[in-house]
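When the letters of the sequence shown are read in order and numbered with the numbering used here, they come out as residues 1 to 184.
Take a look at the structure set out below.
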Amino acid sequence: MQRFLIWIGCALLLAGCTSGEEEQKQTTMEEAFYESYTDGEELFYTAETAEGIGIAFFEIEKGYGLANLEKRESGWFSTGAATYEMEEPVPEKEVSTRTSVSTNGNLEAFAEPAYQTVIWGEVYGDEITSLHIKGESYEEEAEIIENGDKRFYYFVPEGSTLEVDMDSIQGFDTDGELVYEESL
Numbered sequence: 001m002q003r004f005l006i007w008i009g010c011a012l013l014l015a016g017c018t019s020g021e022e023e024q025k026q027t028t029m030e031e032a033f034y035e036s037y038t039d040g041e042e043l044f045y046t047a048e049t050a051e052g053i054g055i056a057f058f059e060i061e062k063g064y065g066l067a068n069l070e071k072r073e074s075g076w077f078s079t080g081a082a083t084y085e086m087e088e089p090v091p092e093k094e095v096s097t098r099t100s101v102s103t104n105g106n107l108e109a110f111a112e113p114a115y116q117t118v119i120w121g122e123v124y125g126d127e128i129t130s131l132h133i134k135g136e137s138y139e140e141e142a143e144i145i146e147n148g149d150k151r152f153y154y155f156v157p158e159g160s161t162l163e164v165d166m167d168s169i170q171g172f173d174t175d176g177e178l179v180y181e182e183s184l
């Protein structure tokens, strides 16, 4: 009888064991965002900007924000955010410019930290269909995204550090004509 009970106990124990990999759910960017931000923020765009590093644009009551995300073993995790309130009335300037900097990966003692810098803002000018960010060693096109009737842009310079050389931002129309330029 004792052997029978031991056999039943082992069978029950083994029946409860399954592969942890099959059941472990990876946290998505959206889930990571909403785990960290619960004050009515409304997510409208996510992107992986480098391997294991991402951003999330979101709307707040009177403005917008950019959250920084990092992929870990269990999935995505929020590492911080920057927000701004909408300017009223809409600025006469065609483009707003902001910068957000976050660390990439775990900070280790005595190691040089890696950073991700995101240049981002709102596009006010309707005629602007593409934006180019110019620095001393590069000229790249920024990504333009939409949220309702608002348009935003972002650009992540390669090899970001705390200091990003950024000389100007240029806006072009559908014909490729320069319609906006600002030295930074």
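Note that CB positions come from ideal geometry on N, CA and C, so glycine has one too.
None of the values given here were measured: they were computed from a predicted structure.
Extent of the continuous beta strand (DSSP E) run through S36:
S36 -> not in any beta strand (DSSP E); alpha helix (DSSP H) instead, spanning 29–36.
Less than 7 Å between the beta carbons of G65 and T83, yes or no?
yes
Use the C-beta contact count for L69: other C-beta atoms within 10 angstroms, 16 or more gives buried, fewer gives exposed.
buried
Count the C-beta pairs between the stretch 33–42 and the stretch 123–139 that are closer than 8 Å, then say yes if the count reaches three, no if not.
no
Spell out the partners DSSP gives G148 in its beta bridges.
For G148, which the question treats as bridged, DSSP gives no partner whatsoever.
Measure the C-alpha to C-alpha separation of E21 and V95 and round it to an integer number of angstroms.
Since pLDDT at E21 reaches only 48, below the 50 mark, its modelled position is unreliable, and the value read off the structure follows with that caveat. For E21 and V95, the distance between alpha carbons rounds to 46 Å.
Could you give the residue range of the beta strand (DSSP E) that holds T83?
75–85
CA nearest to the CA of I169, picked from F44, M29, V123, E158
V123
Bridge partner(s) assigned by DSSP for K71
W76
Contact belief for V156 with T117 at Cβ below 8 Å, rounded distance in angstroms
7 Å
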